[in-house]
Amino acid sequence: MIAYLYLFVALVAGLIKGLSGKKISRDVVSLNDGFAVNIIRSVFCAGIGFLVLIIQVGFSGLELSLEAFLVCLASSVFMALFCISWLYAYKSEAYAFLNIFTMLGSVITALLGWAIYGDKISTTRIIGFVLLFVAVYIMSLYNKNLKGKMDKRAIITLVLGCVGVALSDFMQKVFVKQSLGAPSTFTFYTYALMIIPQLLVLMLFKVKKTSPLSKNVCDKRHICIYLVISIALYVNVIMKTMAVADIPSTQLYPTLQGANLIASAVLASIFFKEKMTKKSIVGIIFALAASILMNI
233 MIAYLYLFVA LVAGLIKGLS GKKISRDVVS LNDGFAVNII RSVFCAGIGF LVLIIQVGFS
293 GLELSLEAFL VCLASSVFMA LFCISWLYAY KSEAYAFLNI FTMLGSVITA LLGWAIYGDK
353 ISTTRIIGFV LLFVAVYIMS LYNKNLKGKM DKRAIITLVL GCVGVALSDF MQKVFVKQSL
413 GAPSTFTFYT YALMIIPQLL VLMLFKVKKT SPLSKNVCDK RHICIYLVIS IALYVNVIMK
473 TMAVADIPST QLYPTLQGAN LIASAVLASI FFKEKMTKKS IVGIIFALAA SILMNI
C-alpha cells in the first residue's frame, strides 16, 4: 500500500513541475530568457542533487572516470536542449498535446537500446509505438483547433525537445549499463554540467546585446517558482525509485503515465482553458493503450 502512496506523490510532483513550467513559459520572451531560466533551474537541481548524492553515496560518489564524465556531459547537453525547447513549446502549444508528444522520446530510447545493447522489442511494443504515433496525430488535430496551425519553427522546437529528452534518457541507460557509478552521481553531474555551456552562451548573447534579458524572469517570484520546479523534479524521481521497489515496472510506468495524462488534461482545462474535446479524449485513450503495450 505504501508503494502506491509513493506513486501518488510522484504523480503530484510531476504535475507541479509541468504546470509550473507551463506557467513561467509565458514570461520567457527571448532565447536569452530561456537560457537564464534554465541556468537558474539547473543550479537548484544541481544543489539538490549534490545533497542527495552525499547522503546516499558520500563524497566518493563525486569521483568520475573519463568515460563517465563524457556520458554525463552528453546527457547535460541533451537535457538542456529539451528544457529550453520545451519552454518555448509551452508558450504556443496545448499542454495535453505536449504531454503525449513527449512520450515519443520513449520510442527513440527503445530503438537505441535495441541497436546498441540488443534490447528486445516485442510485437506488442511495436503495436504500442504505432498507437502512440496515432495518438500524437490525433492530439495534433486537437492542438490545431485550439492553438492554430503549427509553423516550421514550432515543429522544429518539438522535434528538438523530443530528441533531447530521449537521448538524455538513453545516456542514463548507458551510465547504468556500463556500471559507471551511482544513479545519483549521474543526476548530479547532468545538472551541474548543464550550467557551464549555457552560461557561456548567455554571456555571449549579453555581450552582443542581441537579446536583452527580461527583468521579470529573475525576480523573487520567479526564483521561487524555479525552486519549486527543482524540488518537484527530485521528489518525482525519488518517489518513482522507491515505488518501483514494490511495484513491477510493467505496472508502475503505465499507471503513472496514464494517471498523468488524465490529470494533466483535467488541470489544463481548469488552469489554461484547454477544454477537452472528443479528439483529445480519443487521443488520450490511444496514448494510454500505447503506454500499456510498450511496457508489457
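Numbered by the working numbering, the letters in the sequence shown go through residues 233 to 528 in order.
Even glycine gets a Cβ: it sits at the ideal position worked out from N, Cα and C.
Cα-Cα separation between residue i and residue j, rounded to whole angstroms
| i | j | result |
| --- | --- | --- |
| I427 | V275 | 7 Å |
| S257 | L344 | 31 Å |
| Y466 | N270 | 16 Å |
| T417 | T341 | 21 Å |
| C277 | I348 | 30 Å |
| I517 | I494 | 9 Å |
| I387 | C450 | 28 Å |
| S252 | I461 | 7 Å |
| I455 | G396 | 25 Å |
| A464 | K352 | 33 Å |
| L243 | G490 | 10 Å |
| F240 | P480 | 15 Å |
| M474 | F503 | 30 Å |
| D530 | A235 | What the structure shows of the chain is the stretch from 233 to 528, and residue 530 is not part of that stretch, so it cannot be assessed. |
| F282 | V289 | 10 Å |
| K472 | I248 | 15 Å |
| I528 | L459 | 36 Å |
| S262 | I287 | 38 Å |
| L436 | Q430 | 10 Å |
| D401 | F291 | 25 Å |
| K381 | K255 | 22 Å |
| N468 | G246 | 6 Å |
| N448 | D383 | 28 Å |
| E505 | G360 | In the sequence as presented, Glu is not what sits at residue 505; that position holds Lys. Their backbone Cα atoms lie some 30 Å apart in a straight line. |
| S358 | K452 | Correcting the residue identity first, residue 358 is Ile in this sequence and not Ser. I358 and K452: Cα-Cα distance of roughly 47 Å. |
| I457 | G250 | 12 Å |
Spatially closest choice to residue i from the options, by CA coordinates
| i | options | result |
| --- | --- | --- |
| G350 | L283, L378, L285, V406 | V406 |
| I332 | H454, L520, K505 | L520 |
| R385 | M508, E325, V309 | E325 |
| F365 | A321, G337, T355, V284 | G337 |
| R273 | V433, A235, C315, G290 | C315 |
| Y320 | V260, K352, K376, V339 | V260 |
| L330 | M526, L237, L378 | L378 |
| L399 | K452, M382, F361, M335 | M335 |
| V284 | Q489, I470, F402, K409 | I470 |
| S393 | P429, K452, S317 | It should be noted that the sequence gives Gly, not Ser, for residue 393. G393 has its Cα closest to that of S317, out of P429, K452, S317. |
| M403 | V391, T422, L390 | T422 |
| S446 | M526, V408, N264 | N264 |
| K510 | G279, D401, Y238, N375 | N375 |
| Y238 | I524, M508, T487 | T487 |
| L525 | L302, L436, S354 | S354 |
| K409 | E299, M435, A328 | E299 |
| V362 | V339, M382, L302, M508 | V339 |
| S523 | L432, T356, Y458 | T356 |
| G279 | L425, G380, K254 | L425 |
| K507 | K255, A328, G246, K254 | A328 |
| F301 | T419, G250, G380 | T419 |
| M322 | V433, L390, R453 | The sequence given here has Tyr at residue 322, not Met. Comparing Cα-Cα distances from Y322 to each of V433, L390, R453, the minimum goes to L390. |
Host alpha helix (DSSP H) of residue i (start-end)
| i | result |
| --- | --- |
| L251 | 234-257 |
| S297 | Careful: S297 lies outside any alpha helix (DSSP H) and carries neither H nor E. |
| V260 | First-last for V260: undefined, no H or E at that position. |
| query | What are the uninterrupted segments assigned as alpha helix (DSSP H) that are 4 or more residues long and contained completely in the region 380-456, given in chain order? | reply | You should have 384-409, 415-440.
| field | 4-residue-minimum alpha helix (DSSP H) runs that sit fully inside the region 307-370, ordered along the chain | value | Counting only runs of 4 or more, we get 327-334, 337-349.
| message | Which complete alpha helix (DSSP H) runs does the region 467-521 hold, if anything under 4 residues is left out? | response | Those alpha helix (DSSP H) runs which fall completely within the region 467-521 and span 4+ residues are 481-503.
| Hey, is the region 496-503 in contact with the region 304-312, meaning 3+ C-beta pairs nearer than 8 Å? | Verdict: no, contact absent.
| Should the region 505-515 be regarded as contacting the region 365-375, the criterion being three or more beta carbon pairs within less than 8 Å? | The region 365-375 and the region 505-515 touch, with three or more beta-carbon pairs separated by less than 8 Å.
| said: Closer than 8 Å is the cut-off here; do at least three beta carbon pairs connect the region 289-302 with the region 398-415? | reply: Enough Cβ pairs lie closer than 8 Å, so yes.
| Any 3 or more C-beta pairs closer than 8 Å across the region 259-270 and the region 301-308 | Judged by Cβ distances under 8 Å, the region 259-270 makes no contact with the region 301-308, as fewer than three pairs qualify.
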